[in-house]
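> If you use our numbering, the sequence shown closes out at 245, no skipped numbers anywhere.
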Amino acid sequence: VTASTDRYPHFICRANWRLLLTSCQILTWGLPYEEKYFEMLGISKDRLVHYNPAARYHAKNLLLPTPAPRITPSKEALLSLREALGIKELPAEERSLVVYASRSSADIRKVANEEELISALQAQFPDKEVVVHTGAESVDDSIEMFQKAAVVVGPHGAGLTHILFCAPETVIVELHFLQSPPMLFWHIAAALGQNYWIQTVPRASWGAKEFVVPVSETMAILAKAENKAIGKSGAMVSLDAGGIYVPYLLS
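(1) To the nearest angstrom, how far is the alpha carbon of LYS69 from that of LYS142?
(2) For GLN19, count the other beta carbons within 10 Å of its own beta carbon; 16 or more makes it buried, fewer makes it exposed. Which is it?
(3) With a threshold of 16 other CB atoms inside 10 Å of the CB of GLU168, please say whether the residue is buried or exposed.
(4) Please confirm whether LEU216 and GLN116 have their CB atoms less than 8 Å apart.
(5) From THR194 to VAL207, what does the alpha carbon distance come to, in whole angstroms?
(6) Report the rounded CA-to-CA distance for LEU154 versus ILE37, giving the unit in angstroms.
(7) By DSSP, does HIS127 sit in helix, in strand, or in coil?
(8) Can you look up ILE81 in the DSSP assignment and give me helix, strand or coil?
(9) With a Cβ-Cβ cutoff of 8 Å, do GLU220 and GLY187 count as a contact?
(10) Can you tell me which of ARG89, HIS127, GLU77 and VAL105 puts its alpha carbon nearest to the alpha carbon of HIS170?
(11) To the nearest whole angstrom, what separates the beta carbons of LEU75 and TRP180, a pair I think is in contact under 8 Å?
(12) What does the alpha-carbon distance come out to for the pair ALA214 and LEU25?
(13) What is the rounded straight-line gap between the Cα of LYS122 and the Cα of VAL165?
(14) If we count the other Cβ atoms within 10 Å of its Cβ and call it buried at 16 or more, is GLU77 buried or exposed?
(15) What separation, rounded to the nearest whole angstrom, lies between the Cα atoms of VAL93 and ILE112?
(16) Look at the alpha carbon of ALA152 and the alpha carbon of TYR190, and state the distance between them as a whole number of angstroms.
(17) Only counting runs of 4 or more residues, tell me where the alpha helix (DSSP H) segments fall wholly within the region 177 to 230, in order along the chain.
(18) Per DSSP, what kind of secondary structure is GLU163 in: helix, strand or coil?
(19) With DSSP as the reference, please indicate the residues paired to PRO149 in a beta bridge.
(20) Of all the options LEU21, GLU131, ASN55 and PRO175, which has the alpha carbon lying nearest to the alpha carbon of SER258?
(21) LEU13: buried (16+ other C-beta within 10 angstroms of its C-beta) or exposed?
(22) If we ignore side chains and look at the alpha-carbon of each, how far apart do PRO149 and ARG103 end up?
Here's what the structure looks like:
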């Protein structure tokens, strides 16, 4: 189902929607979040085979999915997955959270000045509640938090996978590196009609232990994002039906 045990975005965005297309048995790592998503998708436990690296597996028919470039499933796949999971778009008046997706418990890409950044978010949005997604939340709590988000900010990482549950027009600001940046979250936001922006971070990389986010620049992007319509200069473009964008190849 998924390439390795620490690839949460791969499991959510690459594996789950494919499982809607088949009724075969599923080889799985047996992690709690996997079992929760299987339950939400209506996949019975008797279809699950927990992977044992010491065992050998034999199958009459083995299904190998066609890979999508840079973890970019189609718009239809993402929308089908939202529907299968029962994700509802909340009214605008119920979407009042500013969600910061923290990586403070991760091994890499921690934000060294995270407290400063959170304080700045609270000052920037005095009429909204700023909440921190730590990664320790249950699947249900994560879904609810991001459904209620008006704004999501965070470094590139698994926490941003939950923008899959955000409404169209939600402001997404990814704190990103420029050295071969994977653009999964740009792609998801484009497919779902969200208002996506990048804050580039100096001297950051995929494997950096931590980095310092330019807070004042991030707040300036947020101020601009709230007044910028999707598809205008500076914001991301929307994803056509059936489309797969590779944004870093676009001019």
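By construction, the Cβ of each residue, glycine as well, lies at the ideal position given by its N, Cα and C atoms.
On the basis of the coordinates in this document:
(1) 22 Å
(2) So GLN19 ends up on the exposed side.
(3) Around the CB of GLU168, 16 or more other CB atoms lie within 10 Å, so the residue is classed as buried.
(4) no
(5) 8 Å
(6) LEU154 and ILE37: Cα-Cα distance of roughly 25 Å.
(7) Residue state, collapsed to three classes: strand.
(8) Coil at ILE81, not helix or strand.
(9) no
(10) Taking each of ARG89, HIS127, GLU77 and VAL105 in turn and checking the Cα distance to HIS170, the smallest one comes out for VAL105.
(11) Not confirmed; about 18 Å, so no contact.
(12) 40 Å
(13) As the crow flies, the alpha-carbon of LYS122 is around 14 Å from that of VAL165.
(14) Per the 10 Å Cβ criterion, exposed.
(15) VAL93 and ILE112 have their C-alpha atoms some 10 Å from each other.
(16) Cα to Cα, ALA152 sits roughly 17 Å from TYR190.
(17) 178 to 186 and 209 to 219
(18) Coil, per DSSP.
(19) LEU169
(20) The chain is shown from -5 up to 245; residue 258 falls before or after that span and cannot be answered.
(21) buried
(22) 7 Å
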